[in-house]
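Novice:
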Amino acid sequence: MNDWLTATFAVVTIASAVRLATPYLLASMGEAVGQRSGVLNLGVDGVMLLGGFMAYWTVLETKNLLLGVVAGIVTGAVLGLIYATVTIVFHAEQGISGIGLYLFGLGMSELLFQEQVGTPLPIKSFSTVRIPLLADIPKIGEVLFDHSLMAYAAILLVPVLTVVLNKTTLGLNIRAVGENPEAVDSLGVSVARTRLITIVFGNAMAGLAGAALVIELGIFQNNVTNGMGFIAVALVYFGAWRPAGVLAGSLLYGLVTAIVTQWKTAGLVTGAAASFTSMAPAVLTVIALVVIARRNAPQPSALTHPFVRGH
Amino acid sequence: MKRFRWLALLLVFALVGAACGDSDDGDGADSSGDGEGLRAAVVTPSAENDLAFSQSIVDALHALESEGLLSEVAVTEGTFIVEDAAVALRAYADEGYDLVIAHGSQYGSSLQEIAPDFPDTAFAWGTAADTFGLSNVSAYTAASDQGGYVMGVMAAGLAGDGSIGVVGPIEVGDAKLFVDGFIAGASSAGGSATAVYIDSFSDTTLAAETATSFVANGATVLTGTAQMTVGAIGVADGAGVPWFGTQSNQTKVAPDVVVASQVYKWEVVLRDLVSSINGGTLGGSTYEITLANEGLVIEYNDAYDLSADVKSAGDDAANSIADGSVSTGQ
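Just so you know, the sequences run in chain order H and Z. Position one of the first sequence corresponds to residue 15 (our numbering), numbered consecutively onward. Position one of the second sequence corresponds to residue 199 (our numbering), numbered consecutively onward.
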């Protein structure tokens, strides 16, 4: 049997897919919540970069992974407050503001990296957490129950967010603000406060995604995300603004990337074919967006619309 | 409310401005010099301390500064966007720098446009071999296949029954030369090396994942080239797999697993360039660093316990390439 048809190959590929999908999933879930409240944030990549750097720097200085994760989350939350100020208080156009946030995160992470660290130095990474008994199930155990803590956390957040969005008052408010903020406002619910919560949460998740990425890599480098934040925004559309859909999109994107990587390292695709398959994840995203656009999955009606009472 | 929107936009642009200010590292201002050497400026695609391509030229310029051949070194780093690099190159020429270096083969077309506008400024670019027929442009390149071959020979000696994984960026320039030379060297010593180009110079995550995949598929030695390989080096470090570096000495990233690095000593090129400029010739030449002219140097990690046999095989290969008795096939 060819190597690429073996169970071991499948285990390695799926484990790789989960590892690759984790930062996308964390960032895109946060962005999905923000978009459900009507706020588009194109600055996710910049927040991931600055959150990632702060996590890296913290771990480098303290050798404490948990503190690094906290640093990433706090950095994202602070950037979220800034973004909320710009978009909610000043009603700035969200697309432009998001790009500004991205450039700020990109530039500031590079500046701080050069000033505070300089030469990239390794930090320790998350070790995998084997779930007792379950991880011992042949093949399936390795695929599902032998991942880093961040991967488990990301996947567990999917049902949590699903419940919050669909079964709680806060979730109802978030969805209503994203569909018809004027109506929500007339009922006495604060649109600004609801959006503030989602923006801070979404950016904190982006910061966490950056932290998860650099700690998994064990190193930081300028522009280490390489545009992951923009893919995360696309995955929100792919997932039709639902946590489960975002999970499916992230895993699919990670799986395609992992399969391509596995095929290339196994020598199954070479030369021009290898370059062609490298495009597969991006092509898949574009196709998915076209499909989404054709199916009945409308975006939140108030997405990108600043709310000004009386206007 | 429109007023507030304008305020918000101003805030955004202020934030962007603060974060994305000129990435010139200030060396120009810091390097007072003695006023006798030339003023040099370089534009690099990645960070000046990337332990790879960009750092190699910046280190070389600072070496010449220490020797007194240059009075000032200015650096604009992180210009993956060619248009940004073009702006920096033109600005340096405008500011009267004597030598302006475009350190990236992607900058060639920009340089071809800019150089004719500044006939009294010497320009250099690499890795490339084309001076565009312009009298004020020089080109430089690295025979990176040579060091690649040497390290391929050593990698085969360390691999045992395992395979050797090579993480490449895009199949062009000195990256391709290195990879091809490495595979030829490994093959000559009975090893089996497989190269994967990830089609990116900057995707650290994909480089790491490719290295992880190599290890999962039985690789016992890894190497790679370009700035995104720090991710792959991290994987090698975590898996305890020996790593061979190139462009700069990468021992600092993973002192436990880096065996040796092929280091670019662009000083060899730059000294000739400065000498030519001082003699009134601003360009028109093509330079190459090789093992023979000591522009390429194999630097070993003293902390790595490399067997004498393997090191000897590497040294023999290096000497044979330098004296011309062995060809890398490039």
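Glycine is no exception: its CB is placed at the ideal position from the N, C-alpha and C atoms. Treat the numbers as computed from the prediction; the structure is a model and nothing was measured.
#1: Identify the continuous alpha helix (DSSP H) that holds L317 (chain H) and give its terminal residues.
#2: Could you pull the DSSP bridge partners for S336 (chain Z) from this structure?
#3: Which residues does DSSP pair with A458 (chain Z) in a beta bridge?
#4: I want to know whether the segment 49-63 of chain H touches the segment 213-222 of chain H - three or more CB-CB distances under 8 angstroms.
#5: My assumption, with CB atoms under 8 angstroms, is that L74 (chain H) sits in contact with I137 (chain H). Please give the rounded CB distance.
#6: Using the C-alpha atoms, what's the distance from L125 (chain H) back to S446 (chain Z)?
#7: Of all the options H:L231, H:E230 and H:T183, which has the alpha carbon lying nearest to the alpha carbon of T208 (chain H)?
#8: Determine the direct distance from the alpha carbon of A245 (chain Z) to that of V364 (chain Z), and round the result to whole angstroms.
#9: Relative to the C-alpha of G481 (chain Z), which residue among Z:D521, Z:V298 and Z:R237 is closest?
#10: Between L404 (chain Z) and V174 (chain H), what straight-line distance do the alpha-carbon atoms span, to the nearest angstrom?
#11: Indicate the three-state DSSP secondary structure (helix, strand or coil) for D328 (chain Z) in the structure shown.
#12: Considering only their Cβ atoms, is the gap separating Q344 (chain Z) from T488 (chain Z) smaller than 8 angstroms?
#13: If the cut is a Cβ gap below 9 angstroms, which residues of chain Z does P146 (chain H) touch?
#14: With a threshold of 8 angstroms between beta-carbons, can A206 (chain H) be considered close to chain Z, or not?
#15: Compare the C-beta of Y462 (chain Z) against all C-beta atoms of chain H and say whether one is closer than 8 angstroms.
#16: In whole angstroms, what separates the C-alpha of A206 (chain H) from that of T76 (chain H)?
#17: Using a threshold of 8 angstroms, state whether the C-beta atoms of V428 (chain Z) and I233 (chain H) are closer than that.
#18: List, in order along the chain, the chain H residues whose C-beta lies closer than 9 angstroms to that of L249 (chain Z)?
#19: Does the CB of M15 (chain H) have a neighbour CB from chain Z at under 8 angstroms?
#20: Can you give me the C-alpha to C-alpha distance between S342 (chain Z) and A246 (chain H), rounded to a whole angstrom?
#21: On the DSSP letters alone, give me the boundaries of the beta strand (DSSP E) that V271 (chain Z) sits inside.
#22: According to DSSP, is G241 (chain H) helix, strand or coil?
#23: In three-state terms, what does DSSP make of A452 (chain Z)?
#24: Pick out whichever of Z:V394, Z:A340, Z:D292 and Z:S252 has its Cα sitting closest to the Cα of F278 (chain Z).
#25: Output the distance between the C-alpha atoms of M349 (chain Z) and A511 (chain Z), rounded to the nearest integer angstrom.
#26: What does the Cβ neighbour count give for Q130 (chain H), buried or exposed, with the cut at 16 atoms within 10 Å?
#27: Does the beta-carbon distance from V433 (chain Z) to A414 (chain Z) come in below 8 angstroms?
#28: Grouping DSSP H, G and I as helix and E and B as strand, with all else coil, what is D397 (chain Z)?
#29: Quick check: what's the CA-CA separation for L120 (chain H) versus I188 (chain H)?
#30: How is the alpha helix (DSSP H) around G429 (chain Z) delimited, first residue to last?
#31: Residues of chain H with a CB under 7 angstroms from the CB of N415 (chain Z): which are they?
#32: Of all the options H:S42, H:D59 and H:T36, which has the alpha carbon lying nearest to the alpha carbon of V238 (chain H)?
#33: Going by beta carbon distance, what residues of the same chain come within less than 6 angstroms of V143 (chain H), once the five residues before and after it are set aside?
#34: Write down the C-beta distance between G493 (chain Z) and V524 (chain Z) rounded to the nearest angstrom, noting that I regard them as a contact closer than 8 angstroms.
#35: Can you tell me whether G93 (chain H) is buried or exposed, with buried defined as 16 or more other CB within 10 angstroms of its CB?
#36: Apply the 10 Å Cβ neighbour rule to K181 (chain H) and answer buried if 16 or more other Cβ atoms are within range, or exposed otherwise.
Specialist: According to the data block:
#1: Start at 1 with the first residue of the first sequence, and residue 317 (chain H) comes out as number 303. L317 (chain H) -> no alpha helix (DSSP H), and no H or E assigned at all.
#2: The residue given as residue 336 (chain Z) occupies position 138 in the second sequence. S336 (chain Z) is bridged to Z:A322.
#3: As a position in the second sequence, residue 458 (chain Z) is number 260, starting the count at 1. A458 (chain Z) pairs with Z:F442 and Z:Y498.
#4: The answer is yes - the segment 213-222 of chain H touches the segment 49-63 of chain H, with three or more Cβ pairs under 8 angstroms.
#5: For this step, residue 74 (chain H) is matched to residue 60 along the first sequence. For this step, residue 137 (chain H) is matched to residue 123 along the first sequence. A Cβ-Cβ separation of about 5 angstroms places L74 (chain H) in contact with I137 (chain H) under the 8 angstroms criterion.
#6: Mapped onto the second sequence, residue 446 (chain Z) falls at position 248. Mapped onto the first sequence, residue 125 (chain H) falls at position 111. S446 (chain Z) and L125 (chain H) have their C-alpha atoms spaced approximately 22 angstroms apart.
#7: On the first sequence, residue 208 (chain H) is found 194 positions in, with the first residue counted as 1. Ranked by Cα distance from T208 (chain H), the options H:L231, H:E230 and H:T183 are led by H:T183.
#8: Start at 1 with the first residue of the second sequence, and residue 364 (chain Z) comes out as number 166. Start at 1 with the first residue of the second sequence, and residue 245 (chain Z) comes out as number 47. Each residue's Cα considered, the two are about 23 angstroms apart.
#9: Taking the first residue of the second sequence as 1, we reach residue 481 (chain Z) at position 283. When only C-alpha atoms are compared, the closest one is Z:V298.
#10: If you number the second sequence from 1, residue 404 (chain Z) lands on position 206. If you number the first sequence from 1, residue 174 (chain H) lands on position 160. Taking the straight line from one Cα to the other gives about 30 angstroms.
#11: Working through the second sequence from its first residue, we reach residue 328 (chain Z) at position 130. Here D328 (chain Z) sits in coil by DSSP.
#12: In the second sequence, counting from the first residue as 1, residue 488 (chain Z) sits at position 290. In the second sequence, counting from the first residue as 1, residue 344 (chain Z) sits at position 146. Between T488 (chain Z) and Q344 (chain Z), the C-beta gap is smaller than 8 angstroms, which places the two residues in contact.
#13: Here residue 146 (chain H) refers to the residue found at position 132 of the first sequence. Under a criterion of Cβ atoms nearer than 9 angstroms, no residue of chain Z is adjacent to P146 (chain H); the nearest Cβ is some 24 angstroms distant.
#14: Looking up residue 206 (chain H) in the first sequence gives position 192. The beta-carbon of A206 (chain H) is placed no less than 8 angstroms from the nearest beta-carbon of chain Z.
#15: If you number the second sequence from 1, residue 462 (chain Z) lands on position 264. For Y462 (chain Z), the answer is no, since every Cβ of chain H falls outside 8 angstroms of its Cβ.
#16: Within the first sequence, residue 206 (chain H) is the residue found at index 192, counting from 1. Within the first sequence, residue 76 (chain H) is the residue found at index 62, counting from 1. Between A206 (chain H) and T76 (chain H), the C-alpha separation is close to 37 angstroms.
#17: Against the second sequence, residue 428 (chain Z) aligns to sequence position 230. Against the first sequence, residue 233 (chain H) aligns to sequence position 219. For V428 (chain Z) and I233 (chain H), yes; Cβs fall inside 8 angstroms.
#18: Within the second sequence, residue 249 (chain Z) is the residue found at index 51, counting from 1. By Cβ distance, chain H contributes T133 and P134.
#19: Taking the first residue of the first sequence as 1, we reach residue 15 (chain H) at position 1. The pLDDT assigned to M15 (chain H) is 41, lower than 50, so where the model puts this residue is not dependable; a value taken from the coordinates is nonetheless given after this. False, the Cβ-Cβ gap to chain Z never drops below 8 angstroms.
#20: In the second sequence, residue 342 (chain Z) corresponds to position 144, counting from 1. In the first sequence, residue 246 (chain H) corresponds to position 232, counting from 1. Distance between the alpha carbons of S342 (chain Z) and A246 (chain H): 37 angstroms.
#21: Looking up residue 271 (chain Z) in the second sequence gives position 73. Bounds of the beta strand (DSSP E) holding V271 (chain Z) are L268 to T274.
#22: Against the first sequence, residue 241 (chain H) aligns to sequence position 227. Three-state DSSP puts G241 (chain H) in coil, outside helix and strand.
#23: Translated into positions along the second sequence, residue 452 (chain Z) becomes position 254. Taken through DSSP and simplified to helix, strand or coil, A452 (chain Z) comes out as coil.
#24: Here residue 278 (chain Z) refers to the residue found at position 80 of the second sequence. Cα-wise, what sits closest to F278 (chain Z) is Z:S252.
#25: Looking up residue 349 (chain Z) in the second sequence gives position 151. Looking up residue 511 (chain Z) in the second sequence gives position 313. One C-alpha to the other measures close to 10 angstroms.
#26: If you number the first sequence from 1, residue 130 (chain H) lands on position 116. Exposed is the call here.
#27: Working through the second sequence from its first residue, we reach residue 433 (chain Z) at position 235. Working through the second sequence from its first residue, we reach residue 414 (chain Z) at position 216. Contact: no.
#28: Here residue 397 (chain Z) refers to the residue found at position 199 when the second sequence is read from its first residue. Correct three-state label for D397 (chain Z): coil.
#29: By 1-based counting over the first sequence, the position of residue 120 (chain H) is 106. By 1-based counting over the first sequence, the position of residue 188 (chain H) is 174. The alpha-carbon atoms of L120 (chain H) and I188 (chain H) are separated by roughly 29 angstroms.
#30: Along the second sequence, read from residue 1 onward, the residue named residue 429 (chain Z) stands at position 231. Start and end: V428 to A437.
#31: The sequence position of residue 415 (chain Z) within the second sequence is 217, counting from 1. Ordered by position in chain H, the residues that pass the 7 angstroms Cβ test against N415 (chain Z) are T279 and A280.
#32: To locate residue 238 (chain H), count along the first sequence from 1; it is residue 224. Looking at the Cα atoms, H:D59 is the closest of the given residues.
#33: The sequence position of residue 143 (chain H) within the first sequence is 129, counting from 1. Short of 6 angstroms from the beta carbon of V143 (chain H), and not among the five residues preceding or following it, lie these beta carbons of its own chain, in chain order: L163.
#34: Counting from 1 along the second sequence, the entry for residue 493 (chain Z) is found at position 295. Counting from 1 along the second sequence, the entry for residue 524 (chain Z) is found at position 326. With 8 angstroms as the limit, G493 (chain Z) and V524 (chain Z) do not qualify as a contact, their Cβ atoms being about 18 angstroms apart.
#35: To locate residue 93 (chain H), count along the first sequence from 1; it is residue 79. For the record, residue 93 (chain H) in the displayed sequence is Leu; it is not Gly. Around the Cβ of L93 (chain H), a 10 Å sphere holds 16 or more other Cβ atoms; the residue is buried.
#36: Numbered from its first residue, the first sequence carries residue 181 (chain H) at position 167. That one is exposed.
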